[in-house]
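Residue numbers (the working numbering): 247 to 650. Remarks on the structure that follows.
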Ligand code: LLP
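Below, the structure is given as structure tokens:
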């Protein structure tokens, strides 16, 4: 996305054209940015050819998943719905891993029937349930177990998952208990040790610590794991202040790990693949002067993009048509929903805006549309994929008839 003669464009398409043709709010994705991210990810770790499973939760659009699949990616799913979507997008079962702390009996049964690569279990109770179902089907099932390495990912507390106070994974002692349990089971084949310490990680050091914790465990057990699933979590630069994650250092740490442990690595990236490919385009409905600041009331709201309301997350916000006029008061960009947290960002300095102007909210490809809802009975936005000069609607705008 860039400005061409003061007009914001995605690839070769002016955003104003999209708004005119498809209305607002609308999610627009850049195909070439997606391709670039995928190639960068693959290249960063090419020396050990990992299995890369796209975290479907970050973006559940079937057309996006189909594109990602073409690059050889598998899928990381966390519900039966996501598993069904990954399969429908054509991802082969032996490239699918199933994570999550609360898989139900029917979800486990479905995953077994679909012959996916791994069910990554997160408790001894879950493993017993998988064992019971596998036994009833007279099958031997490949599973993983998720370790909680008690590592601080140095990210937002709400999206941190690898500390002992988080609900995810099992601690060291339970892990050893699970290894013993699996040894005695005919129906369970413990193939994988998985970890995922959090999301939006920009510092490579937590990853190094995580690898150290896994390495120590592997040294202490004589169980042979075929796979180590390192999860996802690689962060993106939402603001210019964010330092980029050093993939080289992460890769070096993994190579060091692999010299000691002969295993195949699995990754589950979401945000780093799709996050910065997406833009939410919105139109200003009204501008309200409240004295000390002006409310810029957009037609996009927290139901369309939940991250600012849920985590206080920052998304760069840009005018679709650039001008040199600067506003005299701070702007607070809000949506029309009846909640005070329905607010995107407050900016002290911004170009002067007027009603009906278009705004672009950046880097919303991950956990944007996938976290959207119909709150206030608002229909969900259209999703559009842009490739050069080509525009494709990849999900139609919901109509009121669809939800009423
Ligand atoms: N694997 C597991 C087991 C996960 O729980 C997650 C994300 C991922 C992979 C993918 O992580 P990524 O590469 O996208 O960081 N809604 C929040 C993020 C929640 C992440 C949950 N788990 C947000 O909008 O920031």
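Every residue, glycine too, gets a C-beta built ideally from N, C-alpha and C.
Between the CA atoms of residue j and residue i - distance to the nearest angstrom
| i | j | result |
| --- | --- | --- |
| residue 276 | residue 637 | 10 Å |
| residue 602 | residue 578 | 16 Å |
| residue 460 | residue 558 | 32 Å |
| residue 332 | residue 324 | 11 Å |
| residue 329 | residue 570 | 49 Å |
| residue 302 | residue 413 | 20 Å |
| residue 315 | residue 341 | 10 Å |
| residue 568 | residue 605 | 10 Å |
| residue 427 | residue 435 | 11 Å |
| residue 369 | residue 378 | 14 Å |
| residue 520 | residue 305 | 7 Å |
| residue 334 | residue 614 | 21 Å |
| residue 627 | residue 619 | 10 Å |
| residue 586 | residue 419 | 44 Å |
| residue 560 | residue 465 | 41 Å |
| residue 596 | residue 576 | 7 Å |
| residue 612 | residue 458 | 29 Å |
| residue 538 | residue 574 | 10 Å |
| residue 360 | residue 327 | 13 Å |
| residue 452 | residue 398 | 6 Å |
| residue 284 | residue 515 | 10 Å |
Residue closest to residue i, alpha-carbon to alpha-carbon, out of the options
| i | options | result |
| --- | --- | --- |
| residue 540 | 580, 424, 548 | 580 |
| residue 608 | 546, 429, 439, 353 | 546 |
| residue 318 | 288, 327, 452, 326 | 288 |
| residue 312 | 646, 649, 631, 369 | 631 |
| residue 430 | 374, 619, 415 | 374 |
| residue 252 | 565, 405, 378, 386 | 565 |
| residue 496 | 479, 454, 484 | 454 |
| residue 473 | 563, 366, 286 | 366 |
| residue 433 | 376, 555, 326 | 376 |
| residue 543 | 321, 261, 583 | 583 |
| residue 530 | 479, 598, 482 | 598 |
| residue 594 | 563, 612, 617, 616 | 563 |
| residue 471 | 364, 536, 482 | 364 |
| residue 380 | 402, 356, 476 | 356 |
| residue 212 | 491, 462, 300, 622 | Residue 212 lies beyond the stretch modelled for the chain, which goes from 247 to 650, so this question has no answer here. |
For residue j and residue i, believed in contact at Cβ under 8 Å, the rounded distance
| i | j | result |
| --- | --- | --- |
| residue 400 | residue 337 | The Cβ separation is near 32 Å, so there is no contact. |
| residue 523 | residue 254 | Wrong, their Cβ atoms sit about 15 Å apart, outside the cutoff. |
| residue 437 | residue 358 | With a Cβ gap of about 14 Å, residue 437 and residue 358 do not count as contacting. |
| residue 554 | residue 590 | 5 Å |
Cβ contact check for the stretch 385-399 and the stretch 438-452: 3 or more pairs under 8 Å: Contact check between the stretch 385-399 and the stretch 438-452: three or more CB pairs, one atom from each, fall below 8 Å, which counts as touching.
Evaluate the contact criterion for the stretch 494-512 versus the stretch 259-269: three or more CB pairs, one atom per stretch, below 8 Å. Because the criterion of three Cβ pairs below 8 Å is not met, the stretch 494-512 and the stretch 259-269 do not touch.
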